[in-house]
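Here's the structure, in structure tokens; my notes come after.
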Amino acid sequence: MKQTFNILVVLMLCLPIFVSAQNDEPVKAEKQVCGTEFTPAMEARLLQNIATAKRMNLSNESRTTTYVKMKFHLLANNDGTGRISKSKIFEALCRLNQNYADQNIVFYLAGMYDMNNTVVNTHSNVSAAQFQMSIRKNQHNDAINVFVCNSISTSSGSPGITLGYYSPTYDILVMRANQMNSTSATLTHEAGHFFSLPHPFNGWEGTDYHANFSASNPPPASVGGNLVELADGSNCSTAGDYFCDTEADYNLGFGWTTCNYNNGAVDPTGALVDPDETLYMGYFSDVCQNKFSTDQKGAIAADLTHFSRNYVKGTPNSTVQITTAANLTAPGNNATTQFFDEVYLNWDDMPNATQYYIEINRSPQFTSQLMIDEVLVTNSNYVVTNLTANTDYYWRVKAFNEVSACNSFSTASKFTTSSFPVSTKEALAITTISLRPNVTEKGQFVNLNVQTESKIDATIRIVNVNGQVMKNIENVTFQAGTHIHQIETAGLAPGVYIVNMQTVNGQINERLLITN
Ligand SMILES: [Zn+2]
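The sequence shown lines up with residues 823 to 1338 when you count with my numbering.
Put into structure tokens, the structure is as follows:
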């Protein structure tokens, strides 16, 4: 008994290593696959859905809108590195909605959540990764949960790079991060699996037609435990993907690079096979794909009527799509900020917006490598505190609500941080400090009002926006209580200045504007 247990443990430890070793074989690396396994349970659901669609006549396209909740879990390694940008989630969700729009299905954004777990992010141990995702899914059991990982694989091994998969065991979608964008149809395909759809080449997964068969050596009547669908469709309801409006396909898109397959595959009777390259559920290139068949749509609609799918349906707080880009108001474009470590970003409130997504980047192209900060906020302002002095930054804002993933970003705006840190009143035991007036005419006096709990010895400097010290007043003493120190501005040209007060405990800055 003990020996059996030990062998089992060794097998379990070995399995993921086998899987990753297979995926790393360079000869197969260029081929990209879906990791969804069409289990007997999924097949039973599909057949039930096909029957329901027929009975309820669900294949027509005049359906009322169904709102489907979707939650995204953005994986990073344990140390927080390797996470996808949220803007990619918006892109992928937008594309998903475009591809399901003709079915009146709206996938709405019910949340984006960070998850730091190297095993899940890399799928280095598939069963351990799936167990961790199942725990997370149980905490969010009111939506389709999509886990976005840096790399994925499945326990069955894979003949290529796995781009995504649906787990029928946990009812979750798992996506490779590089598939989350505006051009990939992988999320559309995996969502199809969620709604019970098989590949049009059902049974041929893992089988390369042209490596095994040819016109002189046609395939047998069944492959992969499924009846092979004949080119004339005569056995369509019992073979292949069980749909009669999808052409016979024998995994012919696997490695095929154009949208017109003409490589001579024949069916078991020797008849030429002409697969449909445009189906989202197939393996032809993303650029070829643009549809679900009518009967596939019927099965999706039937799946959504089933009680087991109630948990992913809901009503968004707003169904009004936001189609206007946000208008940034401060700092102005090309402005220099008052402080470098506390920058106030402001933009106009947007009607119907429930959240704003902000990106702050070193590059005007907003590349992920140079991203400084990306945050979601509910108000139309944000304070950035993790910037460095004398540096250029670019920022942009996307206003959205649950149904507005497609809304565009604002025009990007640039600011440069100053060399001044924010005031450190607490360290200086200063209760209040102010400059009166803080807008003054050239040559006038301004009053530095300081209320302090204990005596302070300070040096006061007036510095211009380029960091040059224009005035230096040493040995200024403020006794405990309220005191005013008068500063002369004679000789200072109109412009923006910082009045900088330094003590042994720290420094404090106030902004001064001198006008003509
Ligand atoms: Zn698939």
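Glycine included, each C-beta is placed from N, C-alpha and C at the ideal position.
Just so it is clear, the structure is predicted and the values come from calculations on it, not from any experiment.
Between residue i and the rest of its own chain, which residues show a CB-CB distance below 7 Å, the 5 nearest in sequence each way excluded?
i       : result
His1032 : Asn1085
Asp846  : Only weak support is given to the placement of Asp846: the predicted model assigns it a pLDDT of 31, under 50, and the question is left unresolved by the model.
Ser1044 : Val1050
Thr1141 : Val1225
Excluding five sequence neighbours on each side, which residues of the same chain lie with their C-beta closer than 6 Å to the C-beta of residue i?
i       : result
Phe840  : Confidence at Phe840 is low in this model, with a pLDDT of 30, below 50, so its placement is unreliable and the value that follows should be read with caution. So the list is empty, once near-sequence residues are dropped.
Gln1143 : Val1225, Ser1226
Asn899  : Thr940, Asn943
Ile1122 : Phe1017
Pro1097 : Glu1069, Asp1071, Leu1074, Tyr1083
Ala875  : Ser881, Gly1120, Ala1121, Ala1124
Leu1150 : Trp1169, Ser1232, Ser1235
Ala950  : Val941
Leu1052 : Asp1089
Over what stretch of residues does the beta strand (DSSP E) that includes residue i continue unbroken?
i       : result
Asp1195 : 1193-1199
Asp1089 : Run containing Asp1089: none; DSSP gives neither H nor E here.
Ile1284 : 1278-1286
Tyr1319 : 1317-1325
Ala932  : 927-938
Phe1106 : Counting along the chain, Phe1106 falls outside any beta strand (DSSP E), and DSSP gives it neither H nor E.
Gln1308 : 1303-1310
Val855  : 854-856
Cys1081 : Cys1081 -> no beta strand (DSSP E), and no H or E assigned at all.
Cys971  : 966-971
Tyr992  : That residue, Tyr992, is in no beta strand (DSSP E); it is neither H nor E in DSSP.
Met1292 : 1291-1300
Lys1236 : 1235-1238
Using the Cβ count rule (16 or more neighbours within 10 Å means buried), how would you classify residue i?
i       : result
Ile927  : buried
Asp1089 : buried
Asp901  : exposed
Val1002 : In the sequence under discussion, the amino acid at residue 1002 is Met, which differs from the Val named in the question. Buried, because 16 or more other Cβ atoms sit within 10 Å of the Cβ of Met1002.
Thr976  : buried
Val1219 : buried
Ile957  : exposed
Gly1120 : buried
Ala1070 : buried
Ile775  : No answer is possible for residue 775: the residues shown for the chain start at 823 and end at 1338.
Thr1299 : exposed
Lys891  : buried
Glu1099 : buried
Leu1094 : exposed
Ile1336 : buried
Asp1279 : exposed
Ala965  : buried
Glu1012 : buried
Tyr1216 : buried
Thr1296 : Before going on, a small fix: residue 1296 reads as Glu here, not Thr. The residue in question, Glu1296, is exposed, as its Cβ has fewer than 16 Cβ neighbours within 10 Å.
Ala923  : exposed
Asn1183 : buried
With distances taken from CA atoms, which of the options is nearest residue i?
i       : options                           : result
Glu1263 : Ala1315, Thr1274, Val1225         : Ala1315
Thr1189 : Asn871, His962, Ile906, Val855    : Ile906
Leu1019 : Val1272, Asn1294, Ser1185, Glu865 : Glu865
Thr1091 : Pro990, Arg958, Val1291, Ser1056  : Ser1056
Thr1311 : Asn1338, Asn972, Phe1267          : Phe1267
Val1326 : Val1285, Thr1281, His1305         : Thr1281
Ile1330 : Phe1242, Gln1301, Val1318         : Phe1242
Gln1177 : Asn1229, Asn1183, Val1199         : Val1199
Ser1232 : Ile1180, Asn1260, Asn1208         : Ile1180
Gly1077 : Thr1060, Glu1027, Asp1195         : Glu1027
Phe1162 : Thr984, His945, Gly1313, Ile1320  : Ile1320
Arg1283 : Glu1275, Gly904, Glu1332          : Glu1332
Glu1275 : Ser1115, Met1292, Thr1304         : Thr1304
Ala863  : Ser1240, Ser989, Pro1259          : Ser989
For the alpha helix (DSSP H) that residue i lies in, which residues bound it at each end?
i       : result
Ile957  : 948-961
Asp1067 : Here Asp1067 belongs to no alpha helix (DSSP H), and DSSP marks it neither H nor E.
Ile1352 : With the chain represented from 823 up to 1338, any question about residue 1352 goes unanswered, as that position is not in the structure.
Tyr922  : 908-922
Ala1124 : 1116-1127
Leu1009 : 1008-1016
Tyr1031 : 1031-1034
Please confirm whether residue i has its beta-carbon closer than 9 Å to some beta-carbon of chain D.
i      : result
Tyr889 : Included in the structure is just one protein chain, with no chain D present.
Excluding the five sequence neighbours on either side, which residues of its own chain have a C-beta within less than 8 Å of the C-beta of residue i, listed in chain order?
i       : result
Lys1277 : Thr1299, Phe1300, Gln1301, Ala1302
Ile1309 : Phe1267, Val1268, Asn1269, Leu1270, Ile1282, Ile1284, Lys1293, Ile1295, Val1321
Asn1139 : Thr1176, Asn1223, Glu1224
Task: Beta carbon nearer than 7 Å to a non-hydrogen atom of ligand 3 - done: The model depicted lacks ligand 3 and carries ligand 1 instead.
Open item on the list: Could you tell me which whole beta strand (DSSP E) segments of length 3 or greater appear in the segment 1132-1214?
Closed with: 1150-1152, 1165-1169, 1177-1183, 1193-1199, 1203-1206
Task: Contained beta strand (DSSP E) runs [length at least 3] in the segment 873-905, N- to C-terminal order - done: 888-898
- [ ] Could you pull out every unbroken beta strand (DSSP E) segment of at least 3 residues lying fully inside the segment 1247-1274, listed in chain order?
- [x] 1252-1258, 1261-1263, 1267-1274
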